[in-house]
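Protein chains in written order, with UniProt numbering: chain A, 1 to 219; chain B, 1 to 219; chain C, 1 to 219; chain D, 1 to 219. Even glycine gets a Cβ: it sits at the ideal position worked out from N, Cα and C. Since we're looking at a predicted model, the values are computed, not measured. Structure first, commentary second.
There are 4 protein chains.
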Amino acid sequence: MSDELNLQEILQETENDTLKLTPKQTKILEAAIEIFSEKGYNATSTSEIAKRAGVAEGTIFRHYKTKKELLFSIVTPMITKVALPVFANKFVKEVFSPDYDRYDQLLRTLVYERYQFVKKNLPFLKIMLQEMAFHPELKEKLQQQFSQHVYPSFKEKVEHYQKEGQIRDYPVESVIRFVMTSIIGMIVTRLLILPDAEWDDEAEIERTIDFIMYGIHQS
Amino acid sequence: MSDELNLQEILQETENDTLKLTPKQTKILEAAIEIFSEKGYNATSTSEIAKRAGVAEGTIFRHYKTKKELLFSIVTPMITKVALPVFANKFVKEVFSPDYDRYDQLLRTLVYERYQFVKKNLPFLKIMLQEMAFHPELKEKLQQQFSQHVYPSFKEKVEHYQKEGQIRDYPVESVIRFVMTSIIGMIVTRLLILPDAEWDDEAEIERTIDFIMYGIHQS
Amino acid sequence: MSDELNLQEILQETENDTLKLTPKQTKILEAAIEIFSEKGYNATSTSEIAKRAGVAEGTIFRHYKTKKELLFSIVTPMITKVALPVFANKFVKEVFSPDYDRYDQLLRTLVYERYQFVKKNLPFLKIMLQEMAFHPELKEKLQQQFSQHVYPSFKEKVEHYQKEGQIRDYPVESVIRFVMTSIIGMIVTRLLILPDAEWDDEAEIERTIDFIMYGIHQS
Amino acid sequence: MSDELNLQEILQETENDTLKLTPKQTKILEAAIEIFSEKGYNATSTSEIAKRAGVAEGTIFRHYKTKKELLFSIVTPMITKVALPVFANKFVKEVFSPDYDRYDQLLRTLVYERYQFVKKNLPFLKIMLQEMAFHPELKEKLQQQFSQHVYPSFKEKVEHYQKEGQIRDYPVESVIRFVMTSIIGMIVTRLLILPDAEWDDEAEIERTIDFIMYGIHQS
DNA sequence: AATGAATGAGGCTTCATTCAT
DNA sequence: AATGAATGAAGCCTCATTCAT
Numbered sequence: 001m002s003d004e005l006n007l008q009e010i011l012q013e014t015e016n017d018t019l020k021l022t023p024k025q026t027k028i029l030e031a032a033i034e035i036f037s038e039k040g041y042n043a044t045s046t047s048e049i050a051k052r053a054g055v056a057e058g059t060i061f062r063h064y065k066t067k068k069e070l071l072f073s074i075v076t077p078m079i080t081k082v083a084l085p086v087f088a089n090k091f092v093k094e095v096f097s098p099d100y101d102r103y104d105q106l107l108r109t110l111v112y113e114r115y116q117f118v119k120k121n122l123p124f125l126k127i128m129l130q131e132m133a134f135h136p137e138l139k140e141k142l143q144q145q146f147s148q149h150v151y152p153s154f155k156e157k158v159e160h161y162q163k164e165g166q167i168r169d170y171p172v173e174s175v176i177r178f179v180m181t182s183i184i185g186m187i188v189t190r191l192l193i194l195p196d197a198e199w200d201d202e203a204e205i206e207r208t209i210d211f212i213m214y215g216i217h218q219s
Numbered sequence: 001m002s003d004e005l006n007l008q009e010i011l012q013e014t015e016n017d018t019l020k021l022t023p024k025q026t027k028i029l030e031a032a033i034e035i036f037s038e039k040g041y042n043a044t045s046t047s048e049i050a051k052r053a054g055v056a057e058g059t060i061f062r063h064y065k066t067k068k069e070l071l072f073s074i075v076t077p078m079i080t081k082v083a084l085p086v087f088a089n090k091f092v093k094e095v096f097s098p099d100y101d102r103y104d105q106l107l108r109t110l111v112y113e114r115y116q117f118v119k120k121n122l123p124f125l126k127i128m129l130q131e132m133a134f135h136p137e138l139k140e141k142l143q144q145q146f147s148q149h150v151y152p153s154f155k156e157k158v159e160h161y162q163k164e165g166q167i168r169d170y171p172v173e174s175v176i177r178f179v180m181t182s183i184i185g186m187i188v189t190r191l192l193i194l195p196d197a198e199w200d201d202e203a204e205i206e207r208t209i210d211f212i213m214y215g216i217h218q219s
Numbered sequence: 001m002s003d004e005l006n007l008q009e010i011l012q013e014t015e016n017d018t019l020k021l022t023p024k025q026t027k028i029l030e031a032a033i034e035i036f037s038e039k040g041y042n043a044t045s046t047s048e049i050a051k052r053a054g055v056a057e058g059t060i061f062r063h064y065k066t067k068k069e070l071l072f073s074i075v076t077p078m079i080t081k082v083a084l085p086v087f088a089n090k091f092v093k094e095v096f097s098p099d100y101d102r103y104d105q106l107l108r109t110l111v112y113e114r115y116q117f118v119k120k121n122l123p124f125l126k127i128m129l130q131e132m133a134f135h136p137e138l139k140e141k142l143q144q145q146f147s148q149h150v151y152p153s154f155k156e157k158v159e160h161y162q163k164e165g166q167i168r169d170y171p172v173e174s175v176i177r178f179v180m181t182s183i184i185g186m187i188v189t190r191l192l193i194l195p196d197a198e199w200d201d202e203a204e205i206e207r208t209i210d211f212i213m214y215g216i217h218q219s
Numbered sequence: 001m002s003d004e005l006n007l008q009e010i011l012q013e014t015e016n017d018t019l020k021l022t023p024k025q026t027k028i029l030e031a032a033i034e035i036f037s038e039k040g041y042n043a044t045s046t047s048e049i050a051k052r053a054g055v056a057e058g059t060i061f062r063h064y065k066t067k068k069e070l071l072f073s074i075v076t077p078m079i080t081k082v083a084l085p086v087f088a089n090k091f092v093k094e095v096f097s098p099d100y101d102r103y104d105q106l107l108r109t110l111v112y113e114r115y116q117f118v119k120k121n122l123p124f125l126k127i128m129l130q131e132m133a134f135h136p137e138l139k140e141k142l143q144q145q146f147s148q149h150v151y152p153s154f155k156e157k158v159e160h161y162q163k164e165g166q167i168r169d170y171p172v173e174s175v176i177r178f179v180m181t182s183i184i185g186m187i188v189t190r191l192l193i194l195p196d197a198e199w200d201d202e203a204e205i206e207r208t209i210d211f212i213m214y215g216i217h218q219s
């Protein structure tokens with residue numbers, strides 16, 4: 001698993017940060033992510049991380065003052081990535097293009113993209129999910145990311161389609177919730193609740209989009 | 001908070017169990033539920049539980065052989081309650097009555113009932129959610145409860161309405177997922193993600209039902 | 001095992017003591033002897049004793065103020081019994097009779113009698129042996145018993161036979177040591193070191209007496 | 001006492017083992033041996049060992065995973081040493097030489113050597129003796145050592161002298177038992193039962209050898 | 001930068017003993 | 001006499017963190 005993760009890419013706070021990770025540091029992070037996501041932060045000992053990383057116990061504390069700092073060095077950058085302004089960054093220009101006059105295309109892209117992202121970064125996200133419950137800082141940071149980078153462009157689009165009469169006249173917040181809830185619900189079911197079930201990912205995604213579309217679409 | 005919880009009622013496995021909790025035991029359970037849900041199982045020390053419960057630390061271990069047994073004595077009964085077969089038990093006779101020929105009534109009752117349940121038992125459920133990630137036994141028990149008590153009657157109803165042409169022709173599993181995902185999504189948003197936001201519960205529930213209805217309804 | 005032990009008989013300090021043991025007390029003693037001898041005094045918990053005795057934890061402390069008092073109530077009477085003045089009490093009159101002019105008869109009786117005693121009371125003796133190492137009171141009491149009741153009559157007999165030229169002219173203490181050491185060595189080998197070996201008890205006892213006889217006998 | 005013990009020498013399993021003991025580890029072992037032998041394994045707390053060793057309690061567990069492992073690291077090597085094949089190693093060549101045609105020389109060396117050994121390692125041996133009663137592994141290991149390294153060469157010599165008509169025609173096992181029992185009996189009396197008595201070690205050893213000789217010697 | 005021995009606070013658990021019933 | 005819930009001190013052990021090398 002660890003070789004699939006491109007830590008260099010994922011763990012940098014912003015894209016400008018030049019993050020130099022020594023090999024040992026990379027090993028430590030890989031090990032920490034693995035074990036944190038298997039057993040939880042509190043049930044993981046630094047000595048176990050050191051062992052799995054193949055470094056001495058003290059080495060961890062050379063790079064991270066405390067165990068908590070190690071956790072945050074994993075989770076914090078991920079928060080930014082999770083809330084990665086899908087719309088804003090990648091689609092903002094295309095979305096109002098003639099090709100996107102039907103928003104199911106937008107939705108489809110969104111779903112596929114997020115699904116791949118979650119699949120690739122599941123251990124990170126498990127840790128984040130668990131620890132956000134006990135570290136309000138994390139929760140706040142994510143919410144702030146959301147309201148700054150996701151919500152505005154999401155809202156803009158919803159209102160756009162509402163004006164065009166394509167989306168039902170719910171409050172924008174509700175629409176966003178319906179959409180996200182359905183997508184996240186599918187992903188969670190797929191990857192956490194029933195990871196061993198046989199799934200036709202494509203079909204299931206299509207059905208989910210269908211469901212959302214009918215649910216919010218102005219008939 | 002603790003006085004709202006009726007432990008006697010909640011913590012008994014089946015309704016026939018005569019569960020005698022001594023006062024001290026009740027105090028211990030209340031304290032444990034509070035702190036587990038605040039900080040998580042692993043971050044909670046038995047000495048802290050004892051202190052908050054106002055008992056000696058040894059007293060905990062008179063009633064629960066290990067800390068884990070204490071956790072399970074809290075979570076296990078809740079699993080049964082969570083999967084409480086709303087349909088089967090309460091509505092099975094009414095649901096096919098003429099009054100329920102429109103299934104939004106069914107849905108409405110389901111949502112209201114589950115919402116109240118979660119609201120009342122939030123600390124329990126937080127603990128359950130967190131710990132299921134690290135105790136496969138718990139996850140398995142919940143899944144088994146679900147497939148035995150929830151899924152069958154849910155499926156029956158969905159198929160009933162599909163035959164009548166009222167529900168779109170998705171796989172039953174997908175329909176169930178859409179419905180549950182939307183309900184759970186609303187509840188989670190309301191109680192965990194934005195507990196401090198101003199919500200019009202009634203209106204939000206109605207909208208959520210609307211969304212589900214349009215989403216799965218055969219137009 | 002417990003039914004073979006006649007606690008009433010064994011556990012009374014002196015023969016005049018009228019020792020009334022309630023049924024519960026007897027159960028407690030039986031259980032304590034069993035477990036002490038299996039696991040040692042320190043590794044035995046009072047709750048385990050209570051459980052095996054079928055009484056409540058508190059009941060033990062109704063009869064014995066402390067766990068140590070329970071131990072001593074088992075070991076102390078046994079000390080008297082162990083040092084039971086074999087010679088003095090039973091044989092003093094016979095030993096100088098014409099039948100005993102050869103002291104091997106004396107020895108033979110001594111060995112048989114002590115062997116049976118040890119065999120019957122092995123658990124007691126194991127406890128005594130173990131705990132004497134850590135409770136000087138016990139060791140002192142045994143030594144005092146020995147020098148008061150065993151040593152004098154033993155000495156008398158040894159000197160008697162030395163005067164008659166039948167026992168070699170070693171210091172009496174040495175003769176006693178040779179004799180006891182050989183007997184105890186045989187018993188310990190038989191019952192503790194090789195309890196599962198096939199032994200011809202009779203033959204082995206005879207050989208041991210032979211060995212002692214040749215060893216101390218004035219040829 | 002502790003400075004008399006050469007732990008490095010004693011605690012190594014075989015002479016090839018390069019046993020590196022850090023100073024702290026040595027302190028821990030010295031303290032453990034002292035207190036174990038004074039109060040017994042179960043009555044000794046790790047915190048007391050730490051205190052007497054002048055280290056933190058945690059340090060003990062850096063070197064020995066459990067308290068039991070600490071015990072075994074003390075007792076196990078001693079088992080080998082106890083069964084040290086005196087005959088085989090040191091005398092095997094000389095014993096059949098003309099000088100040894102009288103086996104009392106052999107016996108004398110054996111007794112002296114073992115006596116010195118016990119005297120020097122008394123704390124170790126006390127611990128071993130006590131704990132063998134509750135740890136069958138230890139007992140089995142000692143018995144195995146005995147039957148592999150002591151018994152064969154002992155037997156060989158006994159049979160040699162029996163063939164020469166110098167040792168009485170008892171079963172070899174009995175002869176060995178008589179000899180060992182008498183030696184051990186003397187040592188135990190001297191060092192454990194009457195450590196404060198005035199003894200003429202030389203004379204007592206000579207007398208014991210005498211006793212054994214007469215006891216087993218074919219007159 | 002890296003190591004790993006050492007620390008000591010704190011965790012879970014056991015246990016002898018007490019006491020109200 | 002008997003019970004057994006309750007106690008709290010103490011036991012073994014783990015762990016994040018420090019520091020000399």
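Asked	Found
Does the distance from the C-beta atom of Ile-205 (chain C) to that of Val-111 (chain C) stay below 8 angstroms?	yes
From which residue to which residue does the alpha helix (DSSP H) around Gly-40 (chain D) run?	Gly-40 (chain D) -> no alpha helix (DSSP H), and no H or E assigned at all.
Go through its chain and collect everything with a Cβ distance to Ala-32 (chain A)'s Cβ below 7 angstroms, but skip five positions before and after it.	Ile-49, Leu-70, Ile-74
Looking at C-alpha atoms only, which residue of B:His-63, B:Thr-26, B:Lys-68 is the closest neighbour of Thr-45 (chain B)?	It should be noted that the sequence gives Ser, not Thr, for residue 45 (chain B). Nearest option by C-alpha distance: B:Lys-68.
Does any residue of chain A have a CB that is nearer than 8 angstroms to the CB of Ala-43 (chain B)?	yes
Mind checking which residues open and close the alpha helix (DSSP H) that includes Thr-22 (chain D)?	No alpha helix (DSSP H) holds Thr-22 (chain D); DSSP gives it neither H nor E.
Within 10 Å of its beta-carbon, does Thr-189 (chain C) have 16 or more other beta-carbons around it, so buried, or fewer, so exposed?	buried
Given 8 angstroms as the limit, is there contact between the region 118 to 138 of chain B and the region 35 to 43 of chain B, that is, 3 or more CB pairs closer than that?	yes
I need the straight-line Cα distance from Ala-203 (chain C) to Trp-199 (chain D), nearest angstrom please.	35 angstroms
What runs of the alpha helix (DSSP H), each 4 residues or longer, lie entirely inside the region 102 to 134 of chain A?	103 to 120, 122 to 132
Within the region 129 to 203 of chain D, note down every full alpha helix (DSSP H) run reaching 4 residues or more, in order along the chain.	136 to 145, 151 to 163, 172 to 188
Thinking C-alpha only, which one of C:Gly-40, C:Gly-215, C:Thr-80, C:Leu-107 is nearest Ile-167 (chain D)?	C:Gly-215
Could you say which of B:Leu-191, B:Asp-210, B:Val-118, B:His-63 lies nearest to Ile-79 (chain B) if we only look at CA atoms?	B:Val-118
On the premise that Ser-174 (chain C) lies in contact with Ser-182 (chain D), defined as a C-beta separation below 8 angstroms, what is that separation, rounded to the nearest angstrom?	The Cβ separation is near 11 angstroms, so there is no contact.
Using a cut-off of 7 angstroms between C-beta atoms, extract the partners of residue 284 (chain A) located in chain B.	Any answer about residue 284 (chain A) is impossible in this case: the structure gives chain A only from 1 up to 219.
Express the C-alpha separation of Thr-208 (chain D) and Gln-116 (chain D) in angstroms, rounding to a whole number.	16 angstroms
Give the range of the alpha helix (DSSP H) segment to which Gly-58 (chain B) is assigned.	57 to 63
Which first and last residues belong to the alpha helix (DSSP H) in which Thr-76 (chain B) is found?	67 to 82
What did DSSP end up calling Gly-54 (chain D) once you bin it into helix, strand or coil?	coil
Select from the region 128 to 143 of chain A all residues with a C-beta closer than 7 angstroms to any C-beta belonging to chain B, and list them in chain order.	Gln-130, Ala-133, Phe-134
Interface residues of chain D around Gly-40 (chain C) at Cβ under 8 angstroms?	Gly-40, Asn-42, Ala-133, Phe-134
So is Met-1 (chain C) in contact with chain D if we call contact Cβ pairs under 8 angstroms?	With a pLDDT of only 40 at Met-1 (chain C), under 50, the local geometry of the prediction cannot be trusted, and no value is derived from it.
To which residues of the same chain is Ile-212 (chain C) closer than 6 angstroms at the C-beta, ignoring the five residues directly before and after it?	Val-179, Ser-182
Relative to the C-alpha of Asn-121 (chain D), which residue among D:Ala-43, D:Ser-47, D:Ile-187, D:Leu-106 is closest?	D:Ile-187
Give a yes or no on whether 8 angstroms exceeds the smallest Cβ distance from Phe-178 (chain B) to chain A.	yes
Quick one: Cα of Val-158 (chain B) to Cα of Val-82 (chain B), how far?	21 angstroms
With 8 angstroms set as the bound, which would you pick, yes or no: does the beta-carbon of Arg-114 (chain A) sit closer than that to a beta-carbon of chain B?	no
What residues of chain D sit near Phe-211 (chain C), judged by a beta carbon separation below 8 angstroms?	Tyr-170, Ser-174, Phe-178, Gly-215, Ile-216
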